[in-house]
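Structure first, commentary second.
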Amino acid sequence: MNTRQLLSVGIDIGTTTTQVIFSRLELVNRAAVSQVPRYEFIKRDISWQSPVFFTPVDKQGGLKEVELKAL
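The C-terminal position of the sequence shown is numbered 1088 in our numbering, with every residue numbered one higher than the one before it.
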């Protein structure tokens, strides 16, 4: 099988909570040699996961960038 590994960073800044995840993903090419590659995820290992934080927002609903960077 033709597999590949990727390092992934997931950054979720939501309206209520914020979280960051670092993971290692493994993909396999399911297409035949003569076809366009068709990769599927076959494995995910989470290397590090931050705690879930409340997203710092101001009264107008905008992000408080200084506080967000401090997380």
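We treat Cβ as the ideally placed atom computed from N, Cα and C, and that holds for glycine.
A quick note: this is a predicted structure, and the numbers were derived from the prediction, not measured.
Residue from the options whose Cα sits closest to the Cα of residue i
{"i": "W1065", "options": "L1024, S1051, P1073", "result": "L1024"}
{"i": "K1076", "options": "T1032, Q1036, Q1022, G1027", "result": "T1032"}
{"i": "F1058", "options": "E1043, L1080, P1068", "result": "E1043"}
{"i": "K1060", "options": "G1078, V1045, L1080", "result": "V1045"}
Burial state of residue i, where buried means 16 or more other Cβ atoms lie within 10 Å
{"i": "T1020", "result": "exposed"}
Between the CA atoms of residue j and residue i - distance to the nearest angstrom
{"i": "T1034", "j": "G1027", "result": "14 Å"}
{"i": "F1039", "j": "D1062", "result": "9 Å"}
{"i": "Y1056", "j": "P1068", "result": "31 Å"}
{"i": "D1029", "j": "Q1036", "result": "5 Å"}
{"i": "Q1022", "j": "R1041", "result": "7 Å"}
Bridge-paired residues (DSSP) for residue i
{"i": "N1019", "result": "None, per the DSSP bridge assignment."}
Chain D contact for residue i (CB, 8 Å cutoff)
{"i": "Q1052", "result": "The question asks about chain D, but that chain is absent: this structure has only one protein chain."}
Within the chosen definition, does the segment 1048-1059 reach the segment 1078-1086 through at least 3 CB pairs nearer than 8 Å?
-> no
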